[in-house]
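As C-alpha cells, the structure follows; a few thoughts come after it.
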Amino acid sequence: MKYNVLLTAVGSVGLVFLGACNGCGEESSSTWHPTKQDAGADAADATVADATTDKDASLDTSKPDVAADQSAPDAPADSAADAIEAQAEAAAVDADFSYDGGPLTPWEKLPTKCTAAAEKGVVWLAAQQKANGAWGTDMGMYSMAATGLAVVKLETYALEHGKSPFSPNFQYKSNVEAGLSFLFQNVQTAPMSGPNDTNSDGLGVTTALTNYVSSIVLMAVAAGQGFNQTVNSPGSPVHGWKFQQVAQDMTDYFAQCQAPQGGWRYSCPSGDADNSVSQYVSLGIEYAVHPDYQFFCNLPASVSTGLWTWVGAVQDMNSGGSGYTSAADGPNPYRTGALLQELAFLKQGPGTVQVDAALNYLNGAWAQPMSGNPADYMAMWSIMKGLVGQGVTMVGAHDWYQEYCDLLVSQQNVDGSWPMAQWDTQSTEGSLSAAWALLILEKAAPAKLY
Numbered sequence: 003m004k005y006n007v008l009l010t011a012v013g014s015v016g017l018v019f020l021g022a023c024n025g026c027g028e029e030s031s032s033t034w035h036p037t038k039q040d041a042g043a044d045a046a047d048a049t050v051a052d053a054t055t056d057k058d059a060s061l062d063t064s065k066p067d068v069a070a071d072q073s074a075p076d077a078p079a080d081s082a083a084d085a086i087e088a089q090a091e092a093a094a095v096d097a098d099f100s101y102d103g104g105p106l107t108p109w110e111k112l113p114t115k116c117t118a119a120a121e122k123g124v125v126w127l128a129a130q131q132k133a134n135g136a137w138g139t140d141m142g143m144y145s146m147a148a149t150g151l152a153v154v155k156l157e158t159y160a161l162e163h164g165k166s167p168f169s170p171n172f173q174y175k176s177n178v179e180a181g182l183s184f185l186f187q188n189v190q191t192a193p194m195s196g197p198n199d200t201n202s203d204g205l206g207v208t209t210a211l212t213n214y215v216s217s218i219v220l221m222a223v224a225a226g227q228g229f230n231q232t233v234n235s236p237g238s239p240v241h242g243w244k245f246q247q248v249a250q251d252m253t254d255y256f257a258q259c260q261a262p263q264g265g266w267r268y269s270c271p272s273g274d275a276d277n278s279v280s281q282y283v284s285l286g287i288e289y290a291v292h293p294d295y296q297f298f299c300n301l302p303a304s305v306s307t308g309l310w311t312w313v314g315a316v317q318d319m320n321s322g323g324s325g326y327t328s329a330a331d332g333p334n335p336y337r338t339g340a341l342l343q344e345l346a347f348l349k350q351g352p353g354t355v356q357v358d359a360a361l362n363y364l365n366g367a368w369a370q371p372m373s374g375n376p377a378d379y380m381a382m383w384s385i386m387k388g389l390v391g392q393g394v395t396m397v398g399a400h401d402w403y404q405e406y407c408d409l410l411v412s413q414q415n416v417d418g419s420w421p422m423a424q425w426d427t428q429s430t431e432g433s434l435s436a437a438w439a440l441l442i443l444e445k446a447a448p449a450k451l452y
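Following the working numbering, the numbering of the sequence shown begins with 3 at its first residue and continues without gaps.
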C-alpha cells in the first residue's frame with residue numbers, strides 16, 4: 003500500500019479569532035512539505051534520513067512537482083489499519099532526536115528559563131479544564147479552539163519528554179483524553195465521493211463551525227502520534243473509529259473544501275480564500291501527513307497544486323509579505339508567518355525568491371507583533387510555525403526563539419498564566435492566550451523535512 007506524505011501549515015483564530023481576521027497580526031493587534039514514503043523498510047530509511055539531515059542546500063525555485071505519484075491507496079479497506087500501523091512502526095523516530103532532524107525540540111535542549119516558564123504554564127493550563135473536557139465556557143467555537151490547542155500543547159509536552167500522551171505514565175493523560183472526547187462530541191460526518199475521498203468510505207469529517215475550528219480539531223487528533231488509538235466518546239458519530247480514519251476523513255474533507263483560488267475560507271464550500279484560514283487548514287493537514295506524527299494520510303495532488311497558485315497570488319513581492327485575500331491587501335507579520343509555512347509545504351526554503359522575500363519582510367517588521375503587554379501571541383505563534391517549518395534560527399540579526407522566550411517569560415503572570423492577548427476572548431478564561439504562548443515556548447510545530 004502506498005501513502006502520500008504531504009505536509010503543510012495553518013493560521014488564525016477568532017470571532018475576532020474565529021471570524022473576521024483581515025487585521026490579524028496588524029501593528030494594532032496583531033512543514034512541511036510534500037514527501038512520499040512507501041510502507042516498509044524503504045519508508046523507514048527515507049523518513050529517518052530526512053529527519054536527521056539538512057538537505058537541499060540549493061533549492062529549486064521553480065514550481066514544485068506536486069503532482070508526482072499521489073494516487074490513493076489501492077489495498078482493501080480492511081487491511082488499511084494494519085498497513086498504516088506497520089508503516090508507522092517502521093518510520094518511528096526516537097524521542098531523543100536532535101532539533102534539526104526531529105519534529106519536536108527535546109525539552110532538555112531548550113533554555114532553562116523557557117522550560118521553567120512552560121512548566122508553570124502547563125500546570126495552570128491543565129487546571130483550567132472543565133468537567134466535560136473543554137477549556138473555556140462558551141462550549142462553541144472558542145471552547146473548541148482553546149480545547150484543541152490545549153490538547154496539542156499537552157501532546158507536544160508528552161512527546162518532548164519521550165512519552166506517549168496516551169501512556170498511563172503521562173501525568174496529563176486524562177486531560178488529553180477528556181479534551182479529545184469533547185472535540186469528538188462536536189464533529190459531524192458529511193457525504194463525499196470522487197477523487198478527494200481517498201479512502202473511498204463515502205464520508206468526510208468536519209464540525210458545524212468554521213474551518214478555523216475544524217482544522218484545530220484535526221491538529222489535536224494527529225499531534226499525539228495516536229494513529230492507532232480508538233475514539234472513546236459515546237454519542238459521537240466517530241465513536242469506535244481509529245484516530246487515523248478520523249484524520250483521513252478530515253483531510254479528505256479539507257481537500258474537497260479548497261477554494262478555486264487554492265486556499266481556504268471560513269465555510270465549505272467557498273468561492274474565495276484568505277491567508278489566515280488557509281494557514282490553519284494547511285497546518286491541520288500537515289499534522290495529518292507529516293511522517294513524524296505517523297498518520298500517513300493521503301492528500302490529492304490538487305491540494306498542493308492549488309496552494310502553489312494561492313501563495314503566488316497572496317504574496318506581495320514588493321514587500322515580501324502576505325496579504326489577506328490577495329497581495330493588494332497589504333502585508334502583516336502574522337500572515338507572513340502563514341506564508342512561510344505554506345512555502346515550506348511546497349518545498350520552497352531559504353535561498354528561493356519567495357522565502358527570502360518573506361524573511362526580509364519579517365526582519366523589517368520584527369517589532370510589530372512583540373509590542374505591547376500583552377504582545378500579539380497569535381501572530382508570534384504563526385511566525386514561530388513558519389520559521390520552524392523553514393528550519394530558520396535567525397531572522398536578520400534576531401535570534402527569534404530567544405527573543406520570543408524572553409518576552410513571554412517577562413509577561414507571564416505569577417500563577418503561570420499569561421495576560422489575555424488580542425484575538426482571545428473572556429470566554430476562554432485566558433486558556434487560548436496561554437496555549438499560544440506555550441506552543442511558542444516549545445517550538446511546537448511540524449519540523450522541516452526537505
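Glycine residues also receive a C-beta, built at the ideal position from the N, C-alpha and C atoms. Nothing here was measured: the structure is a model prediction, and the numbers come from that model.
* Under a Cβ-count criterion, where at least 16 other Cβ atoms within 10 Å of its own Cβ denotes burial, should Q428 be classed as buried or exposed? -> By the neighbour-count rule (16 or more Cβ atoms within 10 Å), Q428 is not buried but exposed.
- Query: How big is the Cα-Cα spacing for S306 and M143?
  - Reply: S306 and M143: Cα-Cα distance of roughly 28 Å.
**OP:** Could you check what DSSP says for P371 in three-state terms: helix, strand or coil?
**Re:** Residue state, collapsed to three classes: helix.
query = Helix, strand or coil for V215 per DSSP?
reply = Looking at V215 - three-state DSSP - the assignment turns out to be helix.
Exercise. In terms of residue numbering, what span does the alpha helix (DSSP H) encompassing Q187 cover?
Worked result: That run of the alpha helix (DSSP H) goes K175 to Q187.
Open item on the list: Closest to Q404 by C-alpha separation, out of W109, K115 and E110, would be which residue?
Closed with: When the alpha-carbon of Q404 is set against those of W109, K115 and E110, the nearest one is in K115.
Closest residue to N375 among Q413, Q263, V219 and A249 (Cα-Cα distance) = Of the listed residues, the one whose Cα sits closest to N375 is Q413.
- Apart from the five residues on each side of it in sequence, which residues of its chain come closer than 6 Å, Cβ to Cβ, to K122? Sequence-distant partners of K122 (beyond 5 residues in either direction) whose C-beta falls short of 6 Å from its own C-beta, in its chain, are G418.
Looking only at C-alpha atoms, which of A360, F184 and F168 sits nearest to G135?
The shortest Cα separation from G135 among A360, F184 and F168 belongs to F184.
- Determine the direct distance from the alpha carbon of T311 to that of L182, and round the result to whole angstroms. Their Cα atoms are separated by approximately 34 Å.
Beta-carbon separation (whole angstroms), G2 vs V248, contact threshold 8 Å | Any question about residue 2 goes unanswered here, given that the chain covers just 3 to 452.
| query | Considering G206, what are the terminal residues of the beta strand (DSSP E) in which it resides? | reply | From DSSP, the beta strand (DSSP E) with G206 extends over L205 to T209.
- Report the option in C259, E444, V178 and Y336 whose CA atom is closest to the CA atom of S278. When only C-alpha atoms are compared, the closest one is Y336.
In terms of residue numbering, what span does the alpha helix (DSSP H) encompassing A275 cover? That residue, A275, is in no alpha helix (DSSP H); it is neither H nor E in DSSP.
Discussion item. Taking the alpha carbon of P236 as the reference point, which residue from V189, D203, Y452 and A369 has its own alpha carbon closest?
Written reply: That would be V189, whose Cα lies nearest to the Cα of P236.
| For T378, which of Y452, P421, L341 and Y282 has the nearest alpha-carbon? | With the sequence shown as reference, residue 378 is identified as Asp, and Thr is not the correct amino acid for it. Minimum Cα-Cα distance from D378 among the listed residues Y452, P421, L341 and Y282 corresponds to P421.
If you draw a straight line from the alpha carbon of F1 to that of A222, how long is it in whole angstroms? Residue 1 cannot be examined here, being either before or after the span of the chain that is shown, 3 to 452.
(message) Whole angstroms are fine: how far does the CA of P197 sit from the CA of V240?
(response) Distance between the alpha carbons of V240 and P197: 22 Å.
Taking just the CA atoms, how far does A129 sit from Y174? Each residue's Cα considered, the two are about 10 Å apart.
Could you give the distance in angstroms between the alpha-carbon of G388 and the alpha-carbon of L342?
-> Near 5 Å, if we compare the C-alpha coordinates of L342 and G388.
| field | Inter-residue spacing [alpha-carbon to alpha-carbon] between Q187 and N365 | value | Their Cα atoms are separated by approximately 43 Å.
So E162 packs on V178, CB below 8 Å; how close in whole Å? Your pair E162 and V178 does not check out as a contact, with CB atoms roughly 14 Å apart and the cut at 8 Å.
- [ ] Consult DSSP for W109 and reduce its assignment to one of helix, strand or coil.
- [x] Here W109 sits in helix by DSSP.
Three-state secondary structure (DSSP) of D408: D408: helix per DSSP, three-state reduction.
Practice item. Assign A129 to one of three DSSP states: helix, strand, or coil. Key: Helix, per DSSP.
- Query: According to DSSP, is P352 helix, strand or coil?
  - Reply: Reduced to three states, the DSSP call for P352 is strand.
Contacting residues, own chain, Cβ-Cβ under 6 Å from S195 (five flanking each side not counted): Excluding residues within five positions, none has a Cβ falling inside 6 Å.
> Taking all protein chains shown into account, do 16 or more other C-beta atoms lie within 10 angstroms of the C-beta of S60, making it buried, or fewer, making it exposed?
Replying inline: Confidence at S60 is low in this model, with a pLDDT of 28, below 50, so the placement of that residue is unreliable and no value is reported for it.
For a test of the three-state rule: what should DSSP assign to K445, helix, strand or coil? The three-state reading of DSSP puts K445 in coil, since its state is none of H, G, I, E or B.
Residue from A275, Q250, V125 and G206 with nearest C-alpha to A261: That would be A275, whose Cα lies nearest to the Cα of A261.
Worksheet item: Nearest to A359 by alpha carbon, out of P333, W383 and G228?
Response: Closest in alpha carbon position to A359, among P333, W383 and G228, is P333.
### Message
Looking at F297: is its Cβ nearer than 8 Å to the Cβ of A290?
### Response
Yes, the pair counts as a contact, with Cβ atoms nearer than the cut-off.
For L399, name the three-state secondary structure that DSSP assigns. The sequence shown places Ala at residue 399, rather than the Leu named in the question. When DSSP states are grouped into helix, strand and coil, A399 belongs to the coil group.
Let's see if you can read the secondary structure: which residues bound the alpha helix (DSSP H) around K155? Note, K155: alpha helix (DSSP H), M143 to E162.
Would Q317 and Q263 be called neighbours here (beta carbons separated by less than 8 Å)? Their beta carbons are not under 8 Å apart, which means Q317 does not touch Q263 by this criterion.
Beta-carbon contacts of A446 that lie in its chain and below 6 Å, excluding the five residues immediately before and after: Cβ neighbours of A446 within its own chain (closer than 6 Å, five residues either side excluded): T158.
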